[in-house]
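**Q** For reference, each letter of the sequence shown is one residue, going 173 to 547 in the numbering used here.
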Amino acid sequence: MTQQMRETADIIGRDEINDLEAILEVVNTDTDEVLHSVHSVYDTIFTWDYEKGQRPKLDKLYEKAKRAQWNAQTDLPWDTEVDQEKLVVANAVANGGFTEGVDVSGTSLERWGDKEWIQFGIESQNWTLSQFMHGEQGALVCTAKIVESVPWIDAKYYAATQVMDEARHVEVFSKYLDDKLSGHYPINAHLRMLLDDIIADSRWDMTYLGMQIMVEGLALAAFGFMHQMTTEPLLKQLLRYVMSDESRHVAFGVLSLQEYYQQLSASEMRERQEFAFEAAVRMRDRFLQQEVWARMGADPKEVVPLLLQVPDRQVFQSLLFSKIVPNCKKLGLLDAADGWLRQKFTELGVIAFEDWQDTGEEYDSLQAAPTDAVA
Ligand SMILES: [Fe+2]
Ligand SMILES: [Fe+2]
Numbered sequence: 173m174t175q176q177m178r179e180t181a182d183i184i185g186r187d188e189i190n191d192l193e194a195i196l197e198v199v200n201t202d203t204d205e206v207l208h209s210v211h212s213v214y215d216t217i218f219t220w221d222y223e224k225g226q227r228p229k230l231d232k233l234y235e236k237a238k239r240a241q242w243n244a245q246t247d248l249p250w251d252t253e254v255d256q257e258k259l260v261v262a263n264a265v266a267n268g269g270f271t272e273g274v275d276v277s278g279t280s281l282e283r284w285g286d287k288e289w290i291q292f293g294i295e296s297q298n299w300t301l302s303q304f305m306h307g308e309q310g311a312l313v314c315t316a317k318i319v320e321s322v323p324w325i326d327a328k329y330y331a332a333t334q335v336m337d338e339a340r341h342v343e344v345f346s347k348y349l350d351d352k353l354s355g356h357y358p359i360n361a362h363l364r365m366l367l368d369d370i371i372a373d374s375r376w377d378m379t380y381l382g383m384q385i386m387v388e389g390l391a392l393a394a395f396g397f398m399h400q401m402t403t404e405p406l407l408k409q410l411l412r413y414v415m416s417d418e419s420r421h422v423a424f425g426v427l428s429l430q431e432y433y434q435q436l437s438a439s440e441m442r443e444r445q446e447f448a449f450e451a452a453v454r455m456r457d458r459f460l461q462q463e464v465w466a467r468m469g470a471d472p473k474e475v476v477p478l479l480l481q482v483p484d485r486q487v488f489q490s491l492l493f494s495k496i497v498p499n500c501k502k503l504g505l506l507d508a509a510d511g512w513l514r515q516k517f518t519e520l521g522v523i524a525f526e527d528w529q530d531t532g533e534e535y536d537s538l539q540a541a542p543t544d545a546v547a
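Spelled out as structure tokens, the structure:
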């Protein structure tokens, strides 16, 4: 079968994008795993062309990144008291109760009282922050690989600053989980599959597409959403700091790939489109919180379909793509190869975001460096 013939099932392992049964079958069965190795064969590229600033936009980004460094240990108010239960209750009150918009009658959730729903809210936060932490480690590893594999000196310099940023992000989420929350979750199986595929690919531009455009584009939207919703001041500030770094990272992806994609053929672009589609589906699938329901003793196959009917939930799910779709458009990925990705994003219900602001334009507004704000 040629690359051009790959269909949905070859790319994501199922025919129907929304086959919930198949999605929920994918679980992390190795939750005691401590070290996870992924085999990858790729070329490490040295360049003897050291002329700095050949790519002025990357050079500018690098200079900016050096000025915007912050210290996870000393720049955040870690002495803030966090009462998880109180926050869950306040949030439920603000949103009209725990089961607002869900009809749980006739399901195992019918027997849940406030105690169970509060516990669910707490677990849900532990889970969300744990997945953010695992995703950050993915970014750390992928960007270290970009330092090795990208041929341009300006990109190697920039990527080196991003490696430091990602180390700091893993550090802050890990510290927040340990000091302020009440338990970790292992990596979600859909997220792990995606990170494995990104890091295993031998082509340097695929690391960028998977990480800087797709994973970080989604992270930027998810962090922004949580930043807006949370009333916990430490988390709010932490997310604000992380987001100012992330917007730079996504801009790094857009600036680098824009140049590289201009010389690719239609069939090469189609491979990039398929990879973007796979990443989009994996990331959407990972947000179902299946592990939280299981830990709470509820059957994910029974309750996830209920959850998906909540209108707010659908809005949230599609908003996650509000950065990814305009960035893909800017890179020419939507309409290359007869608009294959446009069609797929239409099926996923996220094409409406194509004309939202792309991160190339947006990052300036997020670059008021947190350290400047503090000073
Ligand atoms: Fe990050
Ligand atoms: Fe990042």
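By construction, the Cβ of each residue, glycine as well, lies at the ideal position given by its N, Cα and C atoms.
Source: prediction; values computed, not measured.
Rounded C-beta distance between A452 and I523? I'm assuming under 8 Å.
**A** So it is not a contact: roughly 11 Å between Cβ atoms.
**Q** Given a threshold of 16 other Cβ atoms within 10 Å of its Cβ, counted over all protein chains shown, does F525 qualify as buried or as exposed?
**A** Classification for F525: buried.
**Q** Expressed to the nearest angstrom, what Euclidean distance is found between the alpha-carbon atoms of M378 and E450?
**A** Approximately 12 Å between the Cα atoms of the pair.
**Q** Is it the case that the Cβ atoms of V464 and D530 are separated by a distance below 8 Å?
**A** The answer is no: Cβ separation not under 8 Å.
**Q** Would you call the stretch 307-322 in contact with the stretch 332-352, where contact means no fewer than 3 C-beta pairs closer than 8 Å?
**A** In short, these stretches touch, since the Cβ pair count reaches three.
**Q** Find the nearest neighbour of H208 within the set L503, N200 and F517, judged by alpha-carbon distance.
**A** Answer by Cα proximity: N200.
**Q** How should K258 be labelled, buried or exposed, when 16 other C-beta atoms within 10 angstroms of its C-beta is the threshold for buried?
**A** K258 is exposed by the Cβ-count criterion.
**Q** Please state whether the Cβ-Cβ distance between A262 and T403 is less than 8 Å.
**A** Yes.
**Q** Do you know how far the Cα of Q245 is from the Cα of T252?
**A** Using only the alpha carbons, I get a separation of about 13 Å.
**Q** Go through the stretch 345-407 residue by residue and report every complete run of the alpha helix (DSSP H) that reaches 4 residues or more, in order.
**A** Those alpha helix (DSSP H) runs which fall completely within the stretch 345-407 and span 4+ residues are 361-372, 376-380 and 388-401.
**Q** Leaving aside the five residues before and after T174 along the sequence, list all residues of the same chain whose C-beta is less than 7 Å from its C-beta, in chain order.
**A** Any reading at T174 must be qualified, since the residue scores a pLDDT of 45, below 50, and its modelled position is unreliable; the value itself is stated next. Result list for T174: empty, nothing under 7 Å.
**Q** Strictly under 8 Å for the Cβ-Cβ distance: is D369 near chain C by that measure?
**A** Of the chains in the structure shown, none is chain C; there is only one protein chain.
**Q** Applying the criterion that 16 or more other CB atoms from any shown protein chain within 10 Å of the CB defines a buried residue, is G268 buried or exposed?
**A** By the 10 Å Cβ count, G268 comes out exposed.
**Q** Measure how close the beta-carbons of E418 and E388 come, nearest whole angstrom, since I'm counting them as under 8 Å.
**A** Sure, about 6 Å apart at Cβ, within 8 Å.
**Q** Check whether the Cβ of H306 sits closer than 7 Å to any heavy atom of ligand 2, and report yes or no.
**A** No, the Cβ of H306 stays beyond 7 Å of every heavy atom of ligand 2.
**Q** By Cβ distance below 7 Å, which residues in the same chain neighbour V260 in space, the five residues on each side in sequence not counted?
**A** Cβ neighbours of V260 beyond the five flanking positions: I290, G293 and I294.
**Q** Am I right that Y330 and A237 are in contact with their C-beta atoms under 8 Å? What's the rounded C-beta distance?
**A** With 8 Å as the limit, Y330 and A237 qualify as a contact, their Cβ atoms being about 7 Å apart.
**Q** As a quick exercise: from S490, S280 and L230, pick the residue whose alpha carbon is nearest that of I325.
**A** Among S490, S280 and L230, the Cα nearest to that of I325 belongs to L230.
**Q** Closer than 7 Å: is that where the CB of A451 sits relative to any heavy atom of ligand 2?
**A** No, the Cβ of A451 stays beyond 7 Å of every heavy atom of ligand 2.
**Q** If the criterion is Cβ atoms closer than 8 Å, does the pair P477 and Q462 meet it?
**A** Their beta carbons are not under 8 Å apart, which means P477 does not touch Q462 by this criterion.
**Q** Measuring straight from C-alpha to C-alpha, what distance separates P483 and T271?
**A** Straight-line Cα distance between these residues: approximately 12 Å.
**Q** State buried or exposed for N243, treating a residue as buried only when at least 16 other CB atoms are found within 10 Å of its CB.
**A** It counts as exposed.
**Q** Can you list, in chain order, the residues of its chain with a C-beta nearer than 8 Å to that of L503? Leave out the 5 residues immediately preceding and following it.
**A** Counting only Cβ-Cβ distances below 8 Å, and skipping sequence neighbours, we find I385, V426, L429, Q430 and Y433.
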